[in-house]
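Numbering (the working numbering), first residue to last: 2 to 260.
All C-beta atoms in this analysis are idealised placements derived from N, C-alpha and C, irrespective of residue type, glycine included.
Here the structure is a predicted model, which is why all the values come from computation and not from measurement.
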């Protein structure tokens, strides 16, 4: 589901467990828990408290973590890791010009994302002057199960992988409209596979409607998803599909020739 070669396997002798654990410490911090104690980091990563201490102190020395004498938090230097991807990766550079053109033609917000475990990670976005959600910016992640991008990305997986993915998920109702029944969600993913697009109506955020299509390369592999998001008060689901789907499909075709 991304631009990496997923067939590549690292031999055990070449795997650096310390690097894996250091990255896990960085990933322990999130929007809900931006400041963590040493014990909390240990609990979130599965490390011993002594190991968590060593990794936190090393990351602090390197400038990636801040320590105020009691709690740890990520330092701005961590942004370098994301910037390195955004500035060097091929996918954002290819998608962004078409995304910009699409958003300004429709005068609606648009973004592109890739599947990352349980979430969709935004790799490119533009608002065209309409700020409809704080999640529509590069680097943000949203649950795949209740987003249009997530459903078209899941639809690209073999059914057995979709079933395995669903088994691992805890589906929470983020709004009164969020689908939390796994059988119904399985049907919606199958619908996205059959139609070639997905529409989500206020399942992630109240008032947010989104239409998404997969982005495929010339081999037919889905490498990302592209969407248009609108305020529910301004546009019905029917209007969203009629007005925005042709433009999304046109952008999809143009991007495919470049991937």
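Among the options, nearest to residue i - alpha-carbon criterion
{"i": "residue 30", "options": "42, 22, 21, 23", "result": "42"}
{"i": "residue 23", "options": "36, 15, 58", "result": "58"}
{"i": "residue 74", "options": "60, 181, 14, 99", "result": "60"}
{"i": "residue 172", "options": "95, 246, 21, 146", "result": "146"}
{"i": "residue 144", "options": "128, 170, 12", "result": "170"}
{"i": "residue 259", "options": "99, 249, 46", "result": "99"}
{"i": "residue 197", "options": "249, 114, 174", "result": "249"}
{"i": "residue 128", "options": "117, 103, 195", "result": "103"}
{"i": "residue 181", "options": "168, 15, 192", "result": "168"}
{"i": "residue 160", "options": "87, 193, 92, 20", "result": "193"}
{"i": "residue 255", "options": "13, 97, 130, 235", "result": "97"}
{"i": "residue 203", "options": "11, 84, 234, 92", "result": "234"}
Helix, strand or coil at residue i [DSSP, three-state]
{"i": "residue 245", "result": "helix"}
{"i": "residue 114", "result": "strand"}
{"i": "residue 35", "result": "coil"}
{"i": "residue 188", "result": "helix"}
{"i": "residue 218", "result": "coil"}
{"i": "residue 4", "result": "The pLDDT assigned to residue 4 is 39, lower than 50, so where the model puts this residue is not dependable, and the model offers no usable value."}
{"i": "residue 69", "result": "coil"}
{"i": "residue 144", "result": "strand"}
{"i": "residue 129", "result": "coil"}
{"i": "residue 210", "result": "strand"}
{"i": "residue 182", "result": "coil"}
{"i": "residue 29", "result": "coil"}
{"i": "residue 237", "result": "coil"}
{"i": "residue 228", "result": "strand"}
{"i": "residue 134", "result": "coil"}
{"i": "residue 124", "result": "strand"}
{"i": "residue 11", "result": "coil"}
{"i": "residue 74", "result": "strand"}
{"i": "residue 49", "result": "coil"}
{"i": "residue 176", "result": "coil"}
{"i": "residue 199", "result": "strand"}
Supposed close pair residue i, residue j - CB separation, criterion 8 Å
{"i": "residue 209", "j": "residue 237", "result": "Not a contact, Cβ separation roughly 14 Å."}
{"i": "residue 246", "j": "residue 212", "result": "6 Å"}
{"i": "residue 25", "j": "residue 46", "result": "5 Å"}
{"i": "residue 232", "j": "residue 133", "result": "6 Å"}
Pair within 9 Å by beta-carbon distance, residue i and residue j
{"i": "residue 215", "j": "residue 251", "result": "no"}
{"i": "residue 218", "j": "residue 112", "result": "no"}
{"i": "residue 52", "j": "residue 40", "result": "no"}
{"i": "residue 207", "j": "residue 239", "result": "no"}
{"i": "residue 95", "j": "residue 65", "result": "no"}
{"i": "residue 110", "j": "residue 135", "result": "no"}
{"i": "residue 174", "j": "residue 189", "result": "no"}
{"i": "residue 1", "j": "residue 37", "result": "Here the chain covers residues 2 to 260 and nothing more, so residue 1 does not appear."}
{"i": "residue 244", "j": "residue 48", "result": "no"}
Short CB-CB distance (under 9 Å) between residue i and chain B
{"i": "residue 97", "result": "The structure shown contains no chain B; it holds only a single protein chain."}
- Message: So, does the segment 214-227 touch the segment 145-162, judging by three or more C-beta pairs under 8 Å?
- Response: yes
- Query: Using 8 Å as the threshold, is the segment 130-139 in touch with the segment 160-173, meaning 3 or more CB pairs across them?
  - Reply: no
- Is there contact here, the segment 111-123 with the segment 145-153, by at least three beta-carbon pairs under 8 Å? yes
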